[in-house]
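A.B. asks: First, the structure itself, so that you have it in front of you.
In the numbering used here, the protein residues as written are 1 to 423.
Printed below as a string of structure tokens:
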């Protein structure tokens, strides 16, 4: 039996396949061709009578079927297989040596050309198979979005979300059946799609021009405190790290793509939400045990759309950390009297160059952080820095400006270096 060779071929944006010579030759030599009904019809005249044609199964089933196959297999894709296409899955599941990709013009490229827009100026978001709330993490004032959608993210759904989040002036352009004789491009306001949405062909994508932001979604780190849902009736109050302190915590953690961070004592989610919002390619575990704060944490998770990468863990640390994937970075914002134990346990579990950040308001907690800091100096196994923030916010009293001080907050950061000496 010959070794399995998989060619993933993009068909382009057209009623007929737009293939170069290499892709055409590959199709003729294929022993198996896999695709949707529409895709198989498009290439019917380009394959031999002996070629087997399979309907594309669920990806969970596809790998097992291919592992029982040998020879040359062609998988059909719509445009560019490695740009929000099936190619990414193949790259994860099969070796580089067994894969060859044949890209074509994608629907996203075609949409930009139809509208005379530069693709490099676009943000691209796929909501296909993803929750609609994820759109909240990408809505920015005056930043155009090209969106790939499914049945749960139709233009009317997008318009409703824009209205709810403070983008009532958004414009939505729906491009249907690109490259086919029935191609249609229509432009709508938010109110038009909310009041009387037309039917759209399933084969479409949407250009969203958000316009001015009049709502609560941030455009830059430092979400105003009053935009969070908290366990206090007064806006901006309650169990969240205040904006000035939160910004310092984000800076100390420096969360990177692919990392996992743990927020212990997450409260209503100020730090956890901003970490997940600004670094969508990282995973955030938010640990909290208080029922009312947990409810606020879940509400803020949905409010800001960080439903894909913010994992809420109900319970008390350190017990709640059992079974969780190892963390690269940890923030301890609340310890419920377990700070000394948590510091030691978290430090022992951190990898080399892992980061631990902790905050303290009371003198007792500050003393525990100072003792841990001294231990790290004795062990010579960390790079350290610390700062204290004393913020006074402007308010008015009897029509006059005054600055009301908040309690000072001490922040400590340790990065594990891995070199230890005896104390």
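Cβ atoms here follow ideal geometry from the backbone N, Cα and C, with glycine treated the same way.
As a quick exercise: from 314, 160, 207, pick the residue whose alpha carbon is nearest that of residue 173.
C.D. replies: The sequence position of residue 173 within the chain shown is 173, counting from 1. For the residues 314, 160, 207, the minimum Cα distance to residue 173 belongs to 207.
A.B. asks: Where residue 377 and residue 383 are concerned, what is the direct C-alpha to C-alpha distance, given to the nearest angstrom?
C.D. replies: The residue you call residue 377 lines up with position 377 of the chain shown. The residue you call residue 383 lines up with position 383 of the chain shown. If you take the alpha carbons of residue 377 and residue 383, they lie about 9 Å apart.
A.B. asks: Tell me the DSSP bridge mates of residue 9?
C.D. replies: In the chain shown, counting from the first residue as 1, residue 9 sits at position 9. Bridge partners of residue 9: 76, 102.
A.B. asks: Which of helix, strand or coil does DSSP assign to residue 249?
C.D. replies: Translated into positions along the chain shown, residue 249 becomes position 249. Residue 249: helix per DSSP, three-state reduction.
A.B. asks: Only counting runs of 3 or more residues, tell me where the beta strand (DSSP E) segments fall wholly within the region 314 to 384, in order along the chain.
C.D. replies: 329 to 332, 355 to 360
A.B. asks: Pick out whichever of 277, 265, 169, 242 has its Cα sitting closest to the Cα of residue 257.
C.D. replies: Taking the first residue of the chain shown as position 1, residue 257 is located at position 257. It is 277.
A.B. asks: Report yes if the C-beta distance between residue 412 and residue 342 is below 8 Å; otherwise report no.
C.D. replies: Here residue 412 refers to the residue found at position 412 of the chain shown. Here residue 342 refers to the residue found at position 342 of the chain shown. No, they are not a contact pair.
A.B. asks: Report the start-end ranges of each beta strand (DSSP E) in the region 22 to 103 that is 3 residues or longer and not cut off at the edges.
C.D. replies: 32 to 35, 52 to 55, 72 to 77, 99 to 102
A.B. asks: Pick from 367, 396, 395, 375: whose alpha carbon is nearest that of residue 409?
C.D. replies: The residue you call residue 409 lines up with position 409 of the chain shown. Of 367, 396, 395, 375, the residue nearest in Cα terms is 367.
A.B. asks: Helix, strand or coil for residue 201 per DSSP?
C.D. replies: Within the chain shown, numbered from 1, the residue matching residue 201 stands at position 201. Residue 201 falls in the coil class under three-state DSSP.
A.B. asks: Would residue 40 and residue 53 qualify as a contact pair, given that the criterion is a beta-carbon distance under 8 Å?
C.D. replies: Taking the first residue of the chain shown as 1, we reach residue 40 at position 40. Taking the first residue of the chain shown as 1, we reach residue 53 at position 53. Contact flag set, yes.
A.B. asks: Kindly list the residues whose CB is nearer than 6 Å to the CB of residue 214, restricted to its own chain and excluding five residues on each side of it in sequence; keep chain order.
C.D. replies: Here residue 214 refers to the residue found at position 214 when the chain shown is read from its first residue. For residue 214, where only same-chain residues beyond five positions count, the Cβ hits under 6 Å are 166.
A.B. asks: Which residue from 293, 279, 93, 156 puts its Cα closest to that of residue 241?
C.D. replies: One-based indexing of the chain shown puts residue 241 at position 241. Comparing Cα-Cα distances from residue 241 to each of 293, 279, 93, 156, the minimum goes to 293.
A.B. asks: Going by DSSP, what residue range makes up the alpha helix (DSSP H) through residue 111?
C.D. replies: In the chain shown, residue 111 corresponds to position 111, counting from 1. That run of the alpha helix (DSSP H) goes 107 to 115.
A.B. asks: Quick check: the Cα distance between residue 10 and residue 330, rounded to an integer number of angstroms?
C.D. replies: For the purposes of this step, residue 10 is taken as the residue at position 10 of the chain shown. For the purposes of this step, residue 330 is taken as the residue at position 330 of the chain shown. Computed Cα separation, rounded: 43 Å.
A.B. asks: Among 284, 359, 302, which has the Cα closest to the Cα of residue 325?
C.D. replies: Your numbering for residue 325 matches position 325 in the chain shown. For residue 325, the nearest C-alpha among the options comes from 284.
A.B. asks: In angstroms with no decimal places, state the Cα-to-Cα distance between residue 1 and residue 87.
C.D. replies: Start at 1 with the first residue of the chain shown, and residue 1 comes out as number 1. Start at 1 with the first residue of the chain shown, and residue 87 comes out as number 87. With a pLDDT of 44 at residue 1, under the threshold of 50, the predicted position of this residue should be treated as unreliable, and no value is reported.
A.B. asks: Excluding the five sequence neighbours on either side, which residues of its own chain have a C-beta within less than 7 Å of the C-beta of residue 138, listed in chain order?
C.D. replies: Your numbering for residue 138 matches position 138 in the chain shown. Taken in chain order, the residues that qualify are 123, 125, 145.
A.B. asks: Looking only at its chain, what residues have a beta carbon closer than 7 Å to the beta carbon of residue 349, apart from the 5 residues adjacent to it on each side?
C.D. replies: Within the chain shown, residue 349 is the residue found at index 349, counting from 1. Spatial neighbours of residue 349 in its own chain (CB-CB distance under 7 Å, excluding positions within 5 residues in sequence) are listed in chain order as 326.
A.B. asks: In the DSSP assignment, what are the bridge partners of residue 392?
C.D. replies: Locating residue 392 in the chain shown gives position 392, counting from the first residue. 405, per the DSSP bridge assignment.
A.B. asks: On the premise that residue 407 lies in contact with residue 357, defined as a C-beta separation below 8 Å, what is that separation, rounded to the nearest angstrom?
C.D. replies: For this step, residue 357 is matched to residue 357 along the chain shown. For this step, residue 407 is matched to residue 407 along the chain shown. At roughly 18 Å, the Cβ-Cβ gap does not stay under 8 Å, so residue 357 and residue 407 are not in contact.
A.B. asks: Which residues mark the beginning and the end of the alpha helix (DSSP H) in which residue 126 is found?
C.D. replies: Counting from one through the chain shown, the residue named residue 126 turns up at place 126. Here residue 126 belongs to no alpha helix (DSSP H); instead the beta strand (DSSP E) covers 123 to 126.
A.B. asks: Taking 6 Å as the limit between beta carbons, can you name the residues of its chain near residue 391, skipping five residues before and five after?
C.D. replies: Taking the first residue of the chain shown as 1, we reach residue 391 at position 391. So the qualifying residues of the chain are 244, 406.
A.B. asks: Could you have a look at residue 417 and say whether DSSP puts it in helix, strand or coil?
C.D. replies: The sequence position of residue 417 within the chain shown is 417, counting from 1. Residue 417 falls in the coil class under three-state DSSP.
A.B. asks: Measuring only the C-alpha atoms, how far is residue 75 from residue 57?
C.D. replies: The residue labelled residue 75 in the question sits at position 75 within the chain shown. The residue labelled residue 57 in the question sits at position 57 within the chain shown. Each residue's alpha carbon lies about 11 Å from the other.
A.B. asks: How about the region 87 to 96 and the region 12 to 22: do they share at least three Cβ pairs that are nearer than 8 Å?
C.D. replies: no
A.B. asks: Does the distance from the C-beta atom of residue 221 to that of residue 274 stay below 8 Å?
C.D. replies: As a first step, residue 221 must be located in the chain shown, where it is residue number 221. As a first step, residue 274 must be located in the chain shown, where it is residue number 274. Their beta carbons are under 8 Å apart, which means residue 221 touches residue 274 by this criterion.
A.B. asks: Tell me whether residue 145 sits in a helix, a strand or coil according to DSSP, three-state version.
C.D. replies: Mapped onto the chain shown, residue 145 falls at position 145. Note: residue 145 maps to strand in three-state DSSP.
A.B. asks: For residue 269 versus residue 287, is the C-beta spacing smaller than 8 Å?
C.D. replies: Translated into the one-based positions of the chain shown, residue 269 becomes position 269. Translated into the one-based positions of the chain shown, residue 287 becomes position 287. No.
A.B. asks: Label residue 103 either buried or exposed according to how many other C-beta atoms from any shown protein chain fall within 10 Å of its C-beta, with 16 as the threshold for buried.
C.D. replies: Position 103 of the chain shown, counting from 1, holds the residue named residue 103. Residue 103 comes out buried.
A.B. asks: Taking the continuous alpha helix (DSSP H) assigned at residue 502, which residues delimit it?
C.D. replies: In this structure the chain extends from 1 to 423, so residue 502 is not present and cannot be described.
A.B. asks: Going by other Cβ atoms of all chains shown within 10 Å of its Cβ, with 16 needed for buried, is residue 399 buried or exposed?
C.D. replies: In the chain shown, residue 399 corresponds to position 399, counting from 1. When all chains shown are included, residue 399 counts as exposed.
A.B. asks: Tell me whether the beta-carbon of residue 211 lies closer than 8 Å to the beta-carbon of residue 170.
C.D. replies: Here residue 211 is taken as the residue at index 211 of the chain shown, counted from 1. Here residue 170 is taken as the residue at index 170 of the chain shown, counted from 1. Their beta carbons are under 8 Å apart, which means residue 211 touches residue 170 by this criterion.
A.B. asks: Looking at the structure shown, is residue 232 part of a helix, part of a strand, or coil, going by DSSP?
C.D. replies: The residue labelled residue 232 in the question sits at position 232 within the chain shown. Correct three-state label for residue 232: coil.
A.B. asks: Hey, out of 248, 77, 68, 216, whose CA is closest to residue 386's CA?
C.D. replies: Against the chain shown, residue 386 aligns to sequence position 386. Selected option, being the one with the closest Cα: 248.
A.B. asks: Using a Cβ-Cβ cut-off of 8 Å (strictly less than) and excluding sequence neighbours within five positions of residue 352, which residues of its own chain qualify?
C.D. replies: The residue you call residue 352 lines up with position 352 of the chain shown. Same-chain partners within the cutoff: 416, 417, 418.
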